[in-house]
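Going by my numbering, the first residue of the sequence shown is number 2, and it counts up by one from there. Every residue, glycine too, gets a C-beta built ideally from N, C-alpha and C. Working notes for the structure below.
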Amino acid sequence: MSRGLVRIRLARFGRVNNPAYNIVVARAFKARDTKPIEVLGTYNPVPKPLTVQQKKSGILPTKDIQLDFDRAKYWIGVGAQPSETVTSLLKKCGILDENWGHNYQSQKPLVSPRKEVTE
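Structure below.
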C-alpha cells in the first residue's frame, strides 16, 4: 500500500430503490464499487418494518449495522480515513469518540517571531 490514501467508505449493492451498503476499506482514488482491500461489515439504511403491535407499543424502527469492531479499530489505528457517513456510523457504534475529527485549539500560547532592530 505504498500509493495513495486508504479510506473506509460505503460501497453500494442491492436493488433499485432498496439500497444496502458494504463498509469497506479501499484506496481513495479507486471507484466506489471496485474490489476493496477488506470488507468490514454491512449497513442497511432502510428501517426494518414494524408489526402493528410494535407500532402501538411505541417501538422505533431500527436500521441494521453489522461491523467487525476489531478490524475497524485496526484500520483507524493504521491511518485509514473514514468518510463522513462512516464517521457518523463509527461514532454511533462507539468506536470513535464524539470529538473525533474536530480541530483542536492549541493549549500553548503563540509566540511571535523576534524582531531585531538595527540602528
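ask   = So, are the CB atoms of valine 79 and arginine 10 less than 9 Å apart?
value = Stepping through the sequence shown from its first residue, residue 79 is reached at position 78. Stepping through the sequence shown from its first residue, residue 10 is reached at position 9. Not closer than 9 Å, so no.
ask   = So what does proline 20 bridge to, in DSSP terms?
value = Residue numbering aside, residue 20 sits at position 19 when the sequence shown is read from its first letter. Per DSSP, Gly15.
query = If you compare alpha carbons, which of Ala32, Ser89, Lys116 is closest to tyrosine 44?
reply = Along the sequence shown, read from residue 1 onward, the residue named residue 44 stands at position 43. It is Ser89 whose Cα lies nearest to the Cα of tyrosine 44.
inquiry  = Under DSSP, the alpha helix (DSSP H) around valine 87 begins and ends at which residues?
reply    = Here residue 87 refers to the residue found at position 86 when the sequence shown is read from its first residue. Counting along the chain, the alpha helix (DSSP H) containing valine 87 begins and ends at 85 to 94.
Per-residue DSSP class, three states only, for glycine 78 = Residue numbering aside, residue 78 sits at position 77 when the sequence shown is read from its first letter. The answer is helix: DSSP assigns glycine 78 an H, G or I state.
key: Unbroken beta strand (DSSP E) run spanning valine 40, endpoints   = Position 39 of the sequence shown, counted from the start, is the residue given in the question as residue 40. 39 to 45 is the extent of the beta strand (DSSP E) around valine 40.
message = Taking the straight line between their C-alpha atoms, what separation do you get for isoleucine 77 and aspartate 34?
response = Locating residue 77 in the sequence shown gives position 76, counting from the first residue. Locating residue 34 in the sequence shown gives position 33, counting from the first residue. Cα-Cα distance, rounded: 21 Å.
request  = For glutamine 67, name the three-state secondary structure that DSSP assigns.
outcome  = Your numbering for residue 67 matches position 66 in the sequence shown. Correct three-state label for glutamine 67: strand.
inquiry  = Taking its Cβ as the centre, do 16 or more other Cβ atoms sit within 10 Å of alanine 29, making it buried, or is it exposed?
reply    = Start at 1 with the first residue of the sequence shown, and residue 29 comes out as number 28. The residue is exposed, with fewer than 16 neighbouring Cβ atoms inside 10 Å.
request  = Using DSSP bridges, identify the partner residues of valine 27.
outcome  = Position 26 of the sequence shown, counted from the first residue, corresponds to residue 27. Correcting the residue type first, residue 27 is alanine in the shown sequence and not valine. Looking at the DSSP assignment, alanine 27 forms a beta bridge with Arg8.
key: Assigned exposure category for arginine 115 - 16 Cβ within 10 Å defines buried   = Taking the sequence shown and counting its residues from 1, the one referred to as residue 115 is at position 114. Per the 10 Å Cβ criterion, exposed.
query = Any contact of the segment 40 to 57 with the segment 17 to 31, i.e. 3+ C-beta pairs under 8 Å?
reply = yes
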